[in-house]
Structure formats: C-alpha cells, structure tokens
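There are 2 protein chains.
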Amino acid sequence: MKASKRSSVIGSFKVMDILEKARGLEAKGRSIIHFEVGEPDFKTPRVISQAGIEAIRSGYTKYTHSLGMPELRVEICRHYRREYGVKITPDQIIVANGSSAGLFLIFAALLDPGDSVIMGTPHYSCYPNYVKFLGARTSFVKQSEKEGFQLLPDNVRKKIRPRTKAILINSPSNPTGSVMKPEFIKEISGLGPVVISDEIYHGLSYKRKARSILEFSRKAFVLSGFSKRYAMTGWRIGWVIAPKEFVRPMQKVQQNFQISPNSIAQMAGITALKSGKAELNAMKREFNNRRKLMIELLREIGFEILFEPEGAFYVFASCRFMSGDSYSLAFRILEEAGVAVTPGIDFGKAGEGYLRFSYATAPKNIREGVRRLDEFIRKNDFKK
Amino acid sequence: MKASKRSSVIGSFKVMDILEKARGLEAKGRSIIHFEVGEPDFKTPRVISQAGIEAIRSGYTKYTHSLGMPELRVEICRHYRREYGVKITPDQIIVANGSSAGLFLIFAALLDPGDSVIMGTPHYSCYPNYVKFLGARTSFVKQSEKEGFQLLPDNVRKKIRPRTKAILINSPSNPTGSVMKPEFIKEISGLGPVVISDEIYHGLSYKRKARSILEFSRKAFVLSGFSKRYAMTGWRIGWVIAPKEFVRPMQKVQQNFQISPNSIAQMAGITALKSGKAELNAMKREFNNRRKLMIELLREIGFEILFEPEGAFYVFASCRFMSGDSYSLAFRILEEAGVAVTPGIDFGKAGEGYLRFSYATAPKNIREGVRRLDEFIRKNDFKK
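Residue numbers (the working numbering), protein chains in the order written: chain A, 1 to 384; chain B, 1001 to 1384.
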C-alpha cells in the first residue's frame, strides 16, 4: 500500500531530526545543551495552571461551542481592545487546538488547487507544507539580514499574480526574531490580497511593540495563541480572527475535523488573558536578558550578527565561516560539541548558511553551550 | 472575498442547527429535553481527572513526541493485547487531538483527488465531508433496518472499483447502534481495499462484544479514543493504529498541522487505560438500563423498532408514521414538544424517515422526553 501524494510532498521538520539525534545521544549518557527547541522552558504560570485544574474539578470536560467558549471569545476581544485599541467581536473568532490547527482552518477556507500564497523567507518551516498539502503554490520573497530580515512591500508587490490569494506575514518572526516596521505592515495590507498575520510571538518583543494587522486592515486573518507568551505549548490552544464571511466555512471545517477545542485549555486561556499579564512580563524580562547574553556570547566567539533580533526567542546567525551546509554542520556540532542547534535550511533556502539559536533556556545553559561551540570552532580552526 | 470551494462543499452537522435552536429556546426560558447530544452525560471518572490535575501540577504542559507520549502508546498496546488478544507495537500508533483529528490523518495519508472510499449508510455525518474536502469520492452501501443495519459484504464487493482506496466500517455504529457480525468484518477485510475501522464506541456494546478489525486483518487502520467510553469528550484525545508504512506520512501531517497532541489529556489517557475499567463498566451498565428504557418507552408511544440497538448510546427509529421529512419534523418536535432529537437525514439519505434518540441522559429525562413526544403524537393525531 502506498501513501497519498499529498502526504508525500510534505517535508518533515529538520529540527526534529536534530532533536531525535540529541535524545539518542542523551540516552547514551551524553550531555546535550538544547538551543534547538521552539518552546519556552518556563512552567505554565501558576494562576493559569490553577484555572485548568479548576476546570477539571468542576467537570468542564465536555464538548464546547465549535467556535470556542463564548466567555473565552469575549476575553479575546477585550485583549485586542486593551493591547491594540482595536474592536473585534466574538463572532469573528475561532478558537482552535493550537495555532497550527488554526492556520490549517485559514488555509482550508482560502485555498483551492492552483491558488497561490506569498510569504517571506526564511520562514517557519511548516508554512509551505500547508499550501502544498492543499494543492496550492507558494511564492517566496527573500528577506535579507542586511535589511534586518524585513519583508519589503515592493518585493511583495512584484510577486502578486491573478491567483494570489493571500500574503502571509509573521512578526515577531520565527526564525529571525525581526519585528516588522509598522509602515511595512500598512503598505502590505494595502496591496490587494488578504493578509494572514501570524502573531503567535506577540507579547515577546523587546524593543518596539509588535503591531497587529488589525490596526491597519480588516481584510486580514490573525493567527495567535497562548503557547509562546504564556508557556502553554502542551495545552494546544490558539485562536484565529477572521473576516466575517470566512467564519462559517472555517467553523464547518472545525466541526467536521475537530468537533471543538479542548475545554480545559479554554478555561485556562480565559484566566491567562484576565490574569496572566504579570507572569508574561516577568518571562519577557528574562527572555530579554537571555537575548542580550546569547548575542553577546555568540559575537565573542566569532559569529557576525549584523541584525540583532528584537522579538520571539531566537538568534539567527550566519554560520558561513564554518560551513555553507547548515544541515551537516548542525549534526557535526551536535555530535562533536554536544550542542543542538537548528539548521537554517529548515526555514527555506534563504535560511541556508545560518543557524538558529533558541534562548528559551537558562543563562547557565547559554553560557555552557556557547563555551562548547567556542571549543568546537577553535578545534576545527574555523576562520572568524 | 470568497471562501474556497473545498470548504464550501462541506455540509454542516444538522444536529448543530437543532442544538443551537434548542439553546435559543432555553435562553428564553423553555424547558428542553436533550435526546440529540452525542456525548456521555457522565463526568470524567475521578481517577482520570485526578491524573489530569497531576499532569498540570507536575508541569507536563509541554510539547510531546509528535506520535504521542511513548508511555501512552505502550498502554494502548497493552489495551489491545488485553481486550482483543492482538499484538501491536508503539510505533504503529499515532495519538491525536481527538479521533476526529485522527480520521483526518488517516484520510490525508490515503487519499488523492479522484480516489474513492466505500462506506455504509446511514453513517456518521462527517465521514463524507473528509472525503470531499480531499477531492475524493464516496461510494455508499445501504444498510437497512430489516437487516439489523448490518453492512453486507456482498453489497460492499459490488462497489469496489480501481480507484477504491478504502472501506470504512463503524461498529458499534453511530447512528444505528448496530454491532457488526464478526463474520462480516472478516469477509470485508478480505475484499482487497484497506479497511478503516472506526471503533470509537468500543467498550459500549451490550449484547455481544464489538470485535476489532485487528483480530481479522493487519491491512487496516483503527480509529479509537477516550471520548465515548471514558466520558472524556472535552479532553480531545484519541488514537490511530496504522499499517507501519503509513505512520511516517501521518506523522508528518500531524507535525505540521498539530505539532503534538495535548500533553495533559495524554497523561489522563494513560490512567484511563490503566485504571478506568471499573468506571467504564459502571457507565456501561447504566447505559444499558437506559437503552432498554428508551426502546420500551418509544415502542409504547407508537414507534416501531424492528432492530434493537446493541451498542453506542442511540436508538435509530423510523418516524414515517409522523413524517418522511425528518429535518422539518425534528424542528416541529423541538418547538411544539420541547424535545431535541437528531433528524435521520443528518446521517445521509438512507437515514431519511428516521430520528436518532440519544440515551446519554438520565432516566428521568428519558421518561419526561418520551411523555412529551407522546403528547405531541396524540395532539397531531398521527396514526401509529
């Protein structure tokens, strides 16, 4: 028996290959420093966990409204009013089992075979897989380090074709940590196609505040969630804000393929939005300290970082002084130095020649990991 | 802006229309008896809930292995050994955010545009929507009440074509409550195409034990989960057992569109399989009492039930003595009698002329609901 073509065109996360290899080495007793992971190392804040526990105790363990609990959708509206000064209504919101599942709802409601989506690159590795799976095509716009990895509106404009259905933006960005300039968001939102704005790293920007697409346009989808900002990756809960005419098609996809989102995680989410601000700010301060530390230490051992990341929890640094083949290099670093990093090629061809370092790990791990890298670089006599 | 064609071809659950209408009436103060719901009214058993609480407390709130926690997959293997005497291995299992999400993984890995799936009808309303969404086609085999709603192998054989990729079976069945004869499962598993066996209602059969497809064939996918048997609908957790060559394609789909299943629900699931048996049996005994009560009372007021359901928690009864249009009739019954039932048409054309009564509600509600129905029938002078 053979698997479908549609499932065969999907690439795997290369970071998973690294992670599996790292776990294998750990199982054999090796010490590994993890710079590859894309999730906060913090525990879910106590007040939020407590709300999840209360939900279980009170029997909130049933199917909910397929769009998500009305109370949670009301809290999401308040959040947008408070954080961005924009007014949205609960009937524009679809709560999903994680923002990954939410992005599937968006693309499912937007794309037919032959349609096309424009996105910047380097990009979150899964984006093009959604598009391929649905029989549509991706048109990439290169973002370069010397431009601060910004997605330039002029370059986007040149890629628009009759079948272009959407422009996907992501700020703060995984993997580059760049935060889009407001004037670029504005210009891109006026180009014609609907904008899908992946705002999952909102809350984690350290210089300027990340702006929501909804501040500039209503012809847009917002993708967001709890995982990154509230350290809730395992709860699998996120949301989509959609133009009203897309809510019903997305709801039908969700009803059929998911029934409804997890009830316990939804109750925890209500509390996160109501009472999670202090914990979010504490985590953000800590991430910012680690960000500065990671940049400083990487520079000390020879990485040339032209652009200092401003958001998310990643440093995306050129590794060309060691090798142009980031995949092989990442495996060598893992095996020889005991440090797991994500090869830039995982984020598209434009990511080749880079490594992604996650600083979602304690400062002592950052110090030790960079020390090991330094040793690796010296031992191999790479020219800095 | 217009939604994609693929999302437009998906029908909605008609039961949702009834449910929304029922909630609207309740909001206005009307008393409604709910026979339409497809979820157990029991709370999640205490021992399982406690495991979920412990998971949160211990910080099991991170991404897990994309196939699901190894410990859970080991427990699932033990479950199949114990319950069915079949040996499976953890690397054949994909834990999903609910069995609905699991079925999506199966179809995604199996179907390309133009492929076809054979299934019995009346059928769970969402099945054909998965197939349509993926650009494939459904071939229906009618199951009739006088045959006990059995899926007859001869009728399945006649529908096999070169592009037939799978035969979907469902026992115990939603909506009919029928449990497949073992010899029919065996025969169907030998017809050629891979069998997808939806075993979500396993554990809830009251006469003969429901048999797993794996007792008869390894060229098969099993779809199952915790929702129905352990009253865990809101936890959104289920599993798929797949032929090994399909695990990797399904894993890639899950990694990309879901990352990993909910960590808290997985920990609760481990305990459900290890320690949930007593609670499962208690719920099953209660469901069986309600089953007999519902059948008896419906017969008393004039429903001719040729086939007594043996599994799940539904009675699928002809309403032709009142009307052949189950959708309009369901709305009339809701408005005039204050009883919510699911119209048979929700389960395909072969379900027209029937109503589905869920007995996942307390005996006093069953009595009151049937009393109201009796009044409705008398008032309208329907001939029995």
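All residues carry an ideal CB built from backbone N, CA and C; glycine is no exception. Since we're looking at a predicted model, the values are computed, not measured.
Using a Cβ-Cβ cut-off of 6 Å (strictly less than) and excluding sequence neighbours within five positions of residue 279 of chain A, which residues of its own chain qualify?
45
Cβ-based burial, residue 100 of chain A [other Cβ within 10 Å; buried from 16]:
buried
Residue 151 of chain A, DSSP secondary structure in three states
coil
Nearest-angstrom Cα separation, counted from residue 1104 of chain B out to residue 986 of chain B
Any question about residue 986 of chain B goes unanswered here, given that chain B covers just 1001 to 1384.
Reduced DSSP category for residue 1002 of chain B - H, G, I as helix; E, B as strand; rest coil:
coil
My output table needs one value for residue 1339 of chain B: the three-state DSSP class, helix, strand or coil.
strand
Assess, as a yes-or-no matter, whether the segment 1029-1044 of chain B is touched by the segment 1352-1368 of chain B under the definition of 3 or more beta carbon pairs within less than 8 Å.
yes
Report yes if the C-beta distance between residue 145 of chain A and residue 274 of chain A is below 8 Å; otherwise report no.
no
If the cut is a Cβ gap below 8 Å, which residues of chain A does residue 1220 of chain B touch?
Those do not exist, as residue 1220 of chain B stays about 11 Å from chain A at its closest Cβ, beyond 8 Å.
How big is the Cα-Cα spacing for residue 345 of chain A and residue 354 of chain A?
8 Å
Measure the beta-carbon distance from residue 1173 of chain B to residue 1312 of chain B and round it to whole angstroms, keeping in mind my assumption that it falls under 8 Å.
7 Å
Determine the closest residue to residue 1310 of chain B out of B:1163, B:1210, B:1336, with distance taken between C-alpha atoms.
B:1210
Kindly list, in the order they appear in chain B, the residues whose Cβ is closer than 9 Å to that of residue 233 of chain A.
1061, 1062, 1063, 1259, 1260, 1263
Proximal residues of chain A, C-beta to C-beta of residue 1362 of chain B below 8 Å
Near residue 1362 of chain B there are no residues of chain A at all, since even the closest Cβ is about 15 Å away, more than 8 Å.
State the DSSP-derived secondary structure class of residue 1136 of chain B, mapped to helix, strand or coil.
coil
To test your reading of the DSSP string, which unbroken beta strand (DSSP E) runs of 3 or more residues are found completely within the segment 1214-1285 of chain B?
1220-1225, 1238-1241
Starting from the N-terminal side, write out each stretch of the alpha helix (DSSP H) that is 4 residues or longer and does not extend beyond the segment 1014-1065 of chain B.
1014-1027, 1046-1057
Counting only beta-carbon separations shorter than 8 Å, does residue 1255 of chain B have a partner in chain A?
yes
Looking at chain B, is there any beta carbon in it that lies within less than 8 Å of the beta carbon of residue 119 of chain A?
no
Just mark residue 1290 of chain B as buried or exposed, buried being the case when its beta carbon has 16 or more other beta carbons within 10 Å.
buried
Given a cut-off of 8 Å on the beta-carbon distance, is the pair residue 1363 of chain B and residue 1298 of chain B in contact?
no
Just to confirm my understanding: we take residue 208 of chain A, look at its own chain, exclude 5 residues before and 5 after, and list those with CB closer than 8 Å. What are they?
179, 310
Between which two residues does the alpha helix (DSSP H) holding residue 1168 of chain B run?
Counting along the chain, residue 1168 of chain B falls outside any alpha helix (DSSP H), though it belongs to the beta strand (DSSP E) covering 1164-1170.
Chain-order list of residues whose beta-carbon lies under 7 Å from that of residue 1260 of chain B (same chain, five-residue window excluded):
1063, 1064, 1065, 1066
What residues from chain B crowd round residue 111 of chain A, counting only those whose CB sits closer than 7 Å?
1004
Opposite residue 362 of chain A in the DSSP bridges: which residues?
According to DSSP, which records beta bridges pairwise, residue 362 of chain A is partnered with nothing at all.
Please say whether residue 61 of chain A and residue 348 of chain A have beta carbons closer to each other than 8 Å?
no
How far does the alpha helix (DSSP H) with residue 196 of chain A in it reach, from first residue to last?
No alpha helix (DSSP H) holds residue 196 of chain A; the beta strand (DSSP E) holding it covers 194-198.
Check each candidate in A:116, A:213, A:377, A:327 and name the one with the smallest Cα separation from residue 386 of chain A.
Summary: the structure shown does not reach residue 386 of chain A, with chain A confined to residues 1 through 384, and so no result is reported for it.
Closer than 8 Å, Cβ to Cβ, to anything on chain B: give me those residues from the segment 43-56 of chain A, in chain order.
43, 44, 49, 52, 53, 56
Cβ of residue 1370 of chain B within 8 Å of Cβ of residue 1266 of chain B?
no
Beta strand (DSSP E) containing residue 1096 of chain B: first to last residue?
1093-1096
Pair within 8 Å by beta-carbon distance, residue 1033 of chain B and residue 1338 of chain B:
yes
Ends of the beta strand (DSSP E) at residue 117 of chain A?
116-121
Mind checking the segment 1075-1099 of chain B against chain A and listing, in chain order, the residues whose C-beta falls within less than 7 Å of any C-beta there?
1097, 1098
Quick one: residues in its chain with C-beta nearer than 8 Å to the C-beta of residue 262 of chain A, no 5 flanking neighbours on either side, listed in chain order?
97, 235, 236, 237
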